[in-house]
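Enquirer: Before we start, here is the structure in question, set down as structure tokens.
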Amino acid sequence: MDFTYSIWILLLPLISFLVIGLPEFVNKKYSWSHKTAGLIGTCSLGLVTALSYYTAFQYFTADRLADGTFATFVPYNVTWLPLGHLHFDLGVLLDPISVMMLIVISTVSLMVHIYSFGYMHGEKGFQRYYAFLSLFTMSMLGLVLATNIFQMYMFWELVGVSSYLLIGFYYTLHAAVHASKKAFIVTRFADMFFLIGILIFGYYTGSYNFSFAGHVEYLNGAAAFTTADSARALAAGGMILPTALVLMFIGGAGKSAMFPLHIWLPDAMEGPTPVSALIHAATMVVAGVFQIARLFPVWIEYDPQALEVVVIVGAFTAFYAAAVACAQSDIKRVLAFSTISQIAFMMVALGVCLPGYHGAALDNHAQLGYMASMFHLFTHAMFKACLFLGAGCIIHAVHSNEMSAMGGLRKYMPITHITFLISCLAIAGIPFFSGFSSKDEIITACFEYSPLCGWWMTGVAAMTAFYMFRLYYGIFWGTENKELHAHHTPHEAPVTMTFPLVFLSIVTVGVGVVTTLGGFCDWSWASFGSIVSAAGTAYTVHFDPQVAATSTVIAILSIALATYIYKGEKQPIADKLYATFPRLHRWAYKRFYMDEVYQFVTHKILFRYVSRPVQWIDEKIINGLIDFTAWGANEAGETIRPWQSGDVRQYAVWFITGTVALTLLLLCL
């Protein structure tokens, strides 16, 4: 099977970045026009999307191997940097999760490119914006196609740089600059642990390659991987590789905004709304989930119990973010905390895959959690992108992020209203919408892991349905801000902005209908597990009727509660709750003061008791020692300078004096 064309999936957005960006950065006189720059970026992503879909069709319709798994194809793999017994490779790897991620990234990125034609129309820096979008897309594609951990880390950092550039796109605004620096610093801090984990892993295994199950087929003369030395890894001791994996997880937790490294993501809303959709739906925040999924065989082989760390962090983060989302008034921040909570769902699903590894086989429990996590990644990308792009249409119409400037918009924006409602139903987990199938399987896996974990995540799912419909009613129903709307009548967005909403909504409903019917009717072809599973073999999803019924009833009750409280033009119950629990609301609105905690720890403790003493040592001791050495050399020079006067008579006196002294010394000895 020929996949040699797949290199163009990486090269096309890179070329687009250079073609659009170089004239803009070298000499603005030669910059492309807005329309041309947008067309170059969008057409490039259109080709990437076509290649990605063709790759997925070719890959998933190919015959499986004798053991029932899909082969892993490596169309390109070259040694970039040899270093002793290690070497750093660069290449392209195609397996079920990387091909699935190609679909997710290319689809959402293309929709964002199309949407940005309308949303960013007339913005200063339009060309720069499209150049950065291409760079961002290329970075994430390179991350998911990486053939080894070190290549993944290289593109991981490029994703961080791209997000810094896009979050700070409005660089004349202090808030945008602050948000971009905050995102960059927090994720770089987490990435330090990722790098340490990579180095430990490489040192003790003798390889930076992933552990692969099944057959690896090298194409186009690609170099073969160096096999990891398992014996050496095991001899290193029981804690070495688990430590490396947990350190790498910290890097993933930073990228995916897990508690307590989540503080950068809400502030990242300062960037353009299409950027928020790209970061939250298909690229940056799912990188941590993908990292664990990619290294899942290593987790299972060396220390599956370490996955408990992933469960604990994910479960707490899911609840924390949902609680904060219930009190936010900025619609983009509600969606931001929703993303944190949903990414935590994916993390928990991977973490609950603890038992069942026997030799090379994974039982249904491990299959279920892994499959559900990847499936929720796919479904969440579509409906969350639709939600963010819908939020952009709303902000475009009312010129505000606050719900107080909205209300009653359903009669002004019918397309945005319907697509937003579809996405809310999907994230709430209502049957026949895509979120139902994926979230239901996550909760089922959690119940098999632990009843406490199952009920905890069920509670978080109920909170999700509640705060999303609080958002929905606050925007499209509720009290209309007639005074504001009289000055600026809201209107539906142009077709370049509504088309992506309609497309993503159709995907959300289509996937939901097929997978819901497939889960209840045991259609193996309609199961996401037929293409992506932990063991690589086909895994047919069977809904647990009790879990499905319970989660559906709870979601409907949560929606009914939100409807009862927020649908009317006045919200007396909400006002009464706020008056009864003002402190709780304030704490949730202020994100439980996590930013203030970071400010206190960094400024009052680290800066005062660590940075200042280190600065004093640097200035007084280290610099003082260096200055003393320079002073001593200078003084020595000044002292012996008279000896080099050029006076022959003085030289003769010194010579005779020295000779006499030396003679006397020798005689005494």
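Numbered continuously in the numbering used here, the sequence shown closes out at residue 707.
Think of the CB as a built atom: it goes at the ideal place given N, C-alpha and C, for glycine as much as any other residue.
Here the structure is a predicted model, which means the values were calculated and not measured.
#1: Just curious, the alpha helix (DSSP H) that Tyr-358 is in, first and last residue?
#2: So Asn-115 is in the alpha helix (DSSP H); what residue range does that whole segment cover?
#3: From Thr-795 to Ile-513, what does the alpha carbon distance come to, in whole angstroms?
#4: Please go through the region 148-223 and give each complete alpha helix (DSSP H) segment of 4 or more residues, from N-terminal end onward.
#5: Who are the Cβ neighbours of Met-178 in its own chain at under 7 Å, not counting the five residues just before and after it?
#6: Within 10 angstroms of the Cβ of Ala-674, are there 16 or more other Cβ atoms? Answer buried if so, exposed if not.
#7: Buried or exposed, going by whether 16 or more other CB atoms sit within 10 Å of the CB of Tyr-167?
#8: Assess contact between the region 85-92 and the region 43-50, defined as three or more Cβ pairs (one per stretch) separated by less than 8 Å. Is contact present?
#9: Return the Cβ separation of Thr-417 and Val-547 in integer angstroms, given the expectation that the two are a contact with Cβ distance under 8 Å.
#10: Out of curiosity, what's the CA-to-CA distance linking Tyr-510 and Ile-234?
#11: From Arg-687 to Asp-665, what distance separates their C-alpha atoms?
#12: So what does DSSP say about Gly-309, is it helix, strand or coil?
#13: Report all residues from its chain with a CB closer than 6 Å to the CB of Gly-397; omit the five preceding and five following residues, and keep chain order.
#14: Let me know if Arg-226 comes out buried or exposed under the rule of 16 or more other beta-carbons within 10 Å of its beta-carbon.
#15: If contacts are defined as beta-carbon pairs under 8 Å, then Ala-169 and Phe-55 qualify, I think. What distance do you get, rounded to the angstrom?
#16: Taking all protein chains shown into account, decide if His-526 is buried (16 or more other Cβ within 10 angstroms of its Cβ) or exposed.
#17: For Ala-382 versus Met-286, is the C-beta spacing smaller than 8 Å?
#18: Can you tell which of Leu-542, Leu-599, Ser-565 has its C-alpha closest to the C-alpha of Phe-458?
#19: Could you tell me if Cys-706 is buried or exposed, where buried requires 16 or more neighbouring beta carbons within 10 angstroms of its beta carbon?
#20: Nearest to Pro-120 by CA position, among Tyr-246, Arg-646, Ala-228, is which residue?
#21: Is it buried or exposed for Tyr-602, if we count other Cβ within 10 angstroms and need 16 for buried?
#22: With H, G and I counted as helix, E and B as strand and the rest as coil, what does DSSP make of His-414?
#23: How many Å lie between Phe-193 and Val-579 at the Cα?
#24: Among Gly-76, Tyr-92, Gly-79, Gly-446, which has the Cα closest to the Cα of Tyr-43?
#25: Taking only the alpha-carbon atoms, compute the straight-line gap between Ser-472 and Ser-649 and give it to the nearest angstrom.
#26: Which residue wins for smallest C-alpha separation from Asp-229, given the options Ala-291, Ala-213, Ala-319?
#27: Please classify Leu-704: does DSSP put it in a helix, a strand, or coil?
#28: Assuming Tyr-256 is part of the beta strand (DSSP E), what are its boundary residues?
#29: Specify the secondary structure class of Phe-41 as computed by DSSP and reduced to three states.
#30: If I follow the unbroken beta strand (DSSP E) through Val-130, where does it start and stop?
#31: Candidates Phe-485, Gln-366, Pro-528: which alpha carbon is nearest Tyr-616's?
#32: If we call anything under 8 Å between Cβ atoms a contact, is Gly-156 one with Phe-207?
#33: When DSSP labels each residue in this structure, what does Glu-657 get in the three-state scheme?
#34: From Arg-102 to Val-570, what does the alpha carbon distance come to, in whole angstroms?
#35: Is there contact between the region 530-540 and the region 632-648, where contact requires at least three CB pairs shorter than 8 Å?
#36: By alpha-carbon positions, which one of Asn-439, Trp-118, Ala-109, Leu-333 ends up nearest to Asp-133?
Expert: By the coordinates alone:
#1: 345-363
#2: Where Asn-115 is concerned, there is no enclosing alpha helix (DSSP H), although the beta strand (DSSP E) it sits in stretches over 110-121.
#3: Because the chain spans 39 through 707 in this model, residue 795 falls outside it and cannot be assessed.
#4: 164-182, 187-205
#5: Ile-143, Val-197, Thr-321
#6: exposed
#7: buried
#8: yes
#9: Contact doesn't hold; Cβ gap of about 11 Å is too wide.
#10: 43 Å
#11: 37 Å
#12: coil
#13: The predicted model places Gly-397 with a pLDDT of 39, which falls under 50 and marks its position as unreliable, so this point remains unresolved.
#14: exposed
#15: 5 Å
#16: exposed
#17: no
#18: Leu-542
#19: exposed
#20: Tyr-246
#21: exposed
#22: helix
#23: 33 Å
#24: Tyr-92
#25: 50 Å
#26: Ala-291
#27: helix
#28: 254-256
#29: coil
#30: 124-132
#31: Gln-366
#32: no
#33: helix
#34: 13 Å
#35: no
#36: Ala-109
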